[in-house]
Ligand code: 6GU
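Right under this line is the structure:
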């Protein structure tokens, strides 16, 4: 899988690309990342990538032309390579923008099916709307807050997608049994991920530390007991931290565990019941 990142700060990505799972995926050849300096696609002496907004107002707007020219370069080269493939996989062009729909785990799974993903990182007060309208296939935001540029968001999208490429994660770090992966819900290892809840708590040695003990259920080696404990604690954490993730038509077993949790906890505190 190939990522092409369009940015005025290509060096920003050295950290995110050079550690852990992403670095290993690149070394193994499962992931290729190309950084493109948008200033290389300008034609003026000052390599200008921004300009004043039509209609006036504060701040600068990222120009459409350097992005257009860089996209021609990036997807044009891919098209030449793809002419030799039997079934060319399409590229997906994404604009990172605070105005996009929220990037979720389901989007990471969806994007992992593409052969090439192009991420356009906006800067300044915004990007000329013709990029979102005519050049990008979609916009994505990583959350309800304002960042000073799309680079951090692009690194997050790249990380979330790269670790889903088949072969990138080993067995010990498989991605199904974790938050949003549906692991607590899936009974079969090859089942597609369900709409996810949060991951269950994890413990390692020592069994007691500073008087804090590892829960009894995890210590006995009874697989059914462990499985039930993990699902229950995943539900407990989800109910407490992200009740919005609890699906509408929950399996009866989940509902019964949640009733147990509610009996143990009493009614949600005023703080938790706020929207
Ligand atoms: Cl993708 N970009 C910017 N500038 N701010 C954001 C964002 C993206 N997602 C959340 N806030």
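Residue numbers (the working numbering): 139 to 413.
Note that the Cβ used here is the ideal one computed from N, Cα and C, for glycine as well.
**Q.** Own chain, CB closer than 6 Å to residue 270, minus 5 neighbours either side, in chain order
**A.** The answer, listed in chain order, is 233, 277.
Q.
What residue range does the beta strand (DSSP E) around residue 276 cover?
A. For residue 276, the uninterrupted beta strand (DSSP E) run begins and ends at 276-278, by DSSP.
Q: Out of 370, 236, 299, state which residue places its alpha-carbon closest to the alpha-carbon of residue 245.
A: Residue 299 is the option with its Cα nearest to residue 245.
Q: Taking residue 141 as the reference, give the member of 194, 230, 385, 206 with the closest Cα.
A: Of the listed residues, the one whose Cα sits closest to residue 141 is 230.
Q. Is residue 345 buried or exposed, if buried means 16 or more other CB atoms sit within 10 Å of its CB?
A. So residue 345 ends up on the exposed side.
Q) What does a CB cutoff of less than 7 Å around residue 150 pick up in its chain, not counting 5 residues either side in sequence? A) Counting only Cβ-Cβ distances below 7 Å, and skipping sequence neighbours, we find 289.
Q. If we count the other Cβ atoms within 10 Å of its Cβ and call it buried at 16 or more, is residue 209 buried or exposed?
A. The C-beta of residue 209 has 16 or more other C-beta atoms within 10 Å across all chains shown, which makes the residue buried.
Q.
Along the chain, where does the beta strand (DSSP E) containing residue 233 start, and where does it finish?
A. Counting along the chain, the beta strand (DSSP E) containing residue 233 begins and ends at 229-234.
Q: May I ask you to report which of helix, strand or coil DSSP gives residue 338?
A: Here residue 338 sits in coil by DSSP.
Q: Output yes or no for whether 8 Å exceeds the beta carbon distance between residue 273 and residue 205.
A: Cβ distance < 8 Å, so residue 273 and residue 205 count as in contact.
Q: Give the range of the alpha helix (DSSP H) segment to which residue 376 is assigned.
A: DSSP places residue 376 inside the alpha helix (DSSP H), whose first and last residues are 361-379.
Q.
Quick check: does the Cβ of residue 234 come within less than 7 Å of any heavy atom belonging to the ligand MN?
A. Among the ligands modelled here, namely the ligand 6GU, the ligand MN does not occur.
Q. If we count the other Cβ atoms within 10 Å of its Cβ and call it buried at 16 or more, is residue 282 buried or exposed?
A. Flag for residue 282 reads exposed.
Q) To the nearest whole angstrom, what separates the beta carbons of residue 395 and residue 369, a pair I think is in contact under 8 Å? A) Sure, about 6 Å apart at Cβ, within 8 Å.
Q. How big is the Cα-Cα spacing for residue 382 and residue 373?
A. In this structure, the straight-line span from the alpha carbon of residue 382 to that of residue 373 is close to 12 Å.
Q) Got a sec? Which residues, its chain only, sit under 7 Å from residue 376 by beta carbon, not counting five neighbours each side? A) If we look at residue 376 and ignore the five residues flanking it on each side, its Cβ neighbours are 335, 336, 383, 384.
Q) In three-state DSSP terms, what is residue 255? A) The three-state secondary structure of residue 255, taken from DSSP, is strand.
Q | Helix, strand or coil at residue 348 [DSSP, three-state] | A | When secondary structure is reduced to three states using DSSP, residue 348 falls in the coil class, being assigned neither helix nor strand.
**Q.** Helix, strand or coil at residue 174 [DSSP, three-state]
**A.** Residue 174 falls in the strand class under three-state DSSP.
Q) In the structure shown, what three-state DSSP assignment does residue 266 receive? A) In the structure shown, residue 266 sits in coil (DSSP, three-state: anything other than H, G, I, E or B).
Q: Kindly indicate which three-state DSSP category residue 306 falls into: helix, strand or coil?
A: Residue 306 falls in the coil class under three-state DSSP.
(Q) Using the three-state DSSP reduction, which class does residue 240 fall into: helix, strand or coil? (A) Here residue 240 sits in strand by DSSP.
**Q.** Burial state of residue 342 (16 or more Cβ within 10 Å)
**A.** Classification of residue 342: exposed, given that the 10 Å Cβ count is below 16.
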